[in-house]
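Novice: Okay, so the sequence shown: first residue is 48 according to the working numbering, each after it adds one.
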Amino acid sequence: MTDLLTEQPPPPAGDTPLFAALNEAQCRAVEAVDGPVLVLAGAGTGKTRVLTTRLAHILASRRAYPGEILAVTFTNKAAREMRERLEAMIGRAADGVWLGTFHALAARILRRHAEMVGLTANFTILDTDDQLRLLKQIIAAANIDERRWPARALLGVIERWKDRGLTPDKIPAGDAGDWADGRAVELYRDYQERLATVNAVDFGDLLLHNLTLFATNTEILATYQRRFRYLLVDEYQDTNVAQYLWLRLLAQQHKNLCCV
48 MTDLLTEQPP PPAGDTPLFA ALNEAQCRAV EAVDGPVLVL AGAGTGKTRV LTTRLAHILA
108 SRRAYPGEIL AVTFTNKAAR EMRERLEAMI GRAADGVWLG TFHALAARIL RRHAEMVGLT
168 ANFTILDTDD QLRLLKQIIA AANIDERRWP ARALLGVIER WKDRGLTPDK IPAGDAGDWA
228 DGRAVELYRD YQERLATVNA VDFGDLLLHN LTLFATNTEI LATYQRRFRY LLVDEYQDTN
288 VAQYLWLRLL AQQHKNLCCV
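Structural data, given as structure tokens:
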């Protein structure tokens, strides 16, 4: 396997005037770079600015190379804005940072190791219409009345399981719900098998397959744990169970996790 710790752009030299726009409390949050950090503040108090400045400070103080930092946002817009702010602070050193949404970062990892979970690197990511179309086919094949048990309701059940990091074989007894008299787990399994057959995933699979990959390939997990010296998460309060488990695994070695 290719070593993920190959040559990377060097961090910038020296700490530029990064703290000029911050108040005293924000400066303390930026400077507390080692160990787990939880930043609690209300809306409009500059939390994202603190996170971005913290990231720039880590690089400017040469604590890590850009490729050793994982920064997670909840929207593509937030990721773009954070990267633009970071580039304004430290220039091209921002290019190597792993910065994006949970889905984008999980997809990046999954494409590197797709064969380990029964896919190939050019897998397709289905949108909601594609998911519903596939589920309707599966429901019809199972001789279930789709008018009584609609595909959209089944999709909601499956998405909730995936948000909890649950594959079909991990659904707790009694958690099958009322959909089609408890047949949702059976159809969830059929759905996952059909996705694999056509080399496709849905958005929930991006994290779910990452969790499976890490659970079944400890050397791959260890590589990413060594790599990511610092992890930063924006809007942490919105994370679901699968996202939390993914972050916890990646932060296990260095334990430098900052949540805002």
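Every residue gets a Cβ at the ideal spot worked out from N, C-alpha and C, and that includes glycine. Every value quoted in this text rests on a predicted model; they were computed, and no experiment measured them.
#1: Report the rounded CA-to-CA distance for Leu102 versus Glu282, giving the unit in angstroms.
#2: With the cut-off set at 8 angstroms, would you say Gln149 and Leu268 are in Cβ contact?
#3: Whole angstroms is fine: what's the gap from Arg155's alpha carbon to Glu193's?
#4: Using three-state DSSP, classify Leu51 as helix, strand or coil.
#5: According to DSSP, simplified to helix, strand and coil, what is Ala262?
#6: Work out the CA separation of Arg241 and Val86 for me, nearest whole Å.
#7: Would the beta-carbon of Ile15 fall within 8 angstroms of that of Asp228?
#8: Look at the alpha carbon of Ile137 and the alpha carbon of Gln290, and state the distance between them as a whole number of angstroms.
#9: Below 7 angstroms CB to CB, which residues in the same chain sit around Ile105 once its five sequence neighbours on both sides are set aside?
#10: So, does the stretch 65 to 84 touch the stretch 289 to 305, judging by three or more C-beta pairs under 8 angstroms?
#11: Please report how far the alpha carbon of Leu213 lies from the alpha carbon of Glu162, in whole angstroms.
#12: Is Ala76 helix, strand or coil when you go by DSSP?
#13: Does DSSP classify Tyr277 as helix, strand or coil?
#14: Below 7 angstroms CB to CB, which residues in the same chain sit around Asp285 once its five sequence neighbours on both sides are set aside?
#15: Rounded C-beta distance between Ala126 and Val144? I'm assuming under 8 angstroms.
#16: Once DSSP output is grouped into helix, strand and coil, what is the label at Thr92?
#17: Going straight from the alpha carbon of Lys183 to that of Glu233, what length do you get?
#18: Along the chain, where does the alpha helix (DSSP H) containing Gly203 start, and where does it finish?
#19: What residues in its chain sit with their C-beta under 8 angstroms from that of Thr259, if we drop five residues either side in the sequence?
#20: Using the rule of at least 16 other Cβ atoms within 10 Å of the residue's Cβ for burial, across every protein chain shown, is Asp216 buried or exposed?
#21: Comparing C-alpha positions only, which one of Gly82, Thr167 and Leu98 sits nearest to His256?
#22: If distances are taken between C-alpha atoms only, which option among Thr100, His301, Asp249 and Phe261 comes closest to Leu273?
#23: For Leu181, which of Glu266, Leu157 and Val248 has the nearest alpha-carbon?
#24: For Asp210 and Val204, I'd like the C-alpha separation in whole angstroms.
#25: Nearest-angstrom Cα distance between Ala223 and Tyr271?
Specialist: Taking the coordinates as given:
#1: Straight-line measurement puts the Cα of Glu282 at about 15 angstroms from the Cα of Leu102.
#2: The displayed chain sequence assigns Phe, not Gln, to residue 149. In this structure, Leu268 does not lie closer than 8 angstroms to Phe149 by Cβ.
#3: Between Arg155 and Glu193, the C-alpha separation is close to 36 angstroms.
#4: Unreliable placement is indicated for Leu51, whose pLDDT of 38 sits below 50; no coordinate value is reported for it.
#5: Three-state result, Ala262: helix.
#6: When rounded, the distance between both Cα atoms is 42 angstroms.
#7: Residue 15 lies beyond the stretch modelled for the chain, which goes from 48 to 307, so this question has no answer here.
#8: Rounded to whole angstroms, Ile137 to Gln290 spans 29 angstroms at the Cα level.
#9: Cβ neighbours of Ile105 beyond the five flanking positions: Val80, Ala111, Ile116 and Tyr277.
#10: With a cut-off of 8 angstroms, the stretch 289 to 305 and the stretch 65 to 84 count as touching, because enough Cβ pairs lie within range.
#11: The C-alpha of Leu213 lies about 20 angstroms from the C-alpha of Glu162.
#12: Helix.
#13: Strand at Tyr277.
#14: Phe121, listed in sequence order.
#15: Ala126 to Val144, Cβ: 11 angstroms. No contact.
#16: Residue state, collapsed to three classes: coil.
#17: Each residue's alpha carbon lies about 14 angstroms from the other.
#18: Counting along the chain, the alpha helix (DSSP H) containing Gly203 begins and ends at Ala198 to Asp210.
#19: Here the set comprises Val164 and Thr214.
#20: Classification for Asp216: exposed.
#21: Nearest of Gly82, Thr167 and Leu98 to His256, Cα basis: Thr167.
#22: The question names Leu, but residue 273 in the sequence shown is Arg. Considering only alpha carbons, the answer is His301.
#23: From the listed residues Glu266, Leu157 and Val248, the smallest Cα separation to Leu181 is found for Val248.
#24: Between the C-alpha atoms of Asp210 and Val204 there is a straight-line separation of about 10 angstroms.
#25: C-alpha separation (whole angstroms): 34 angstroms.
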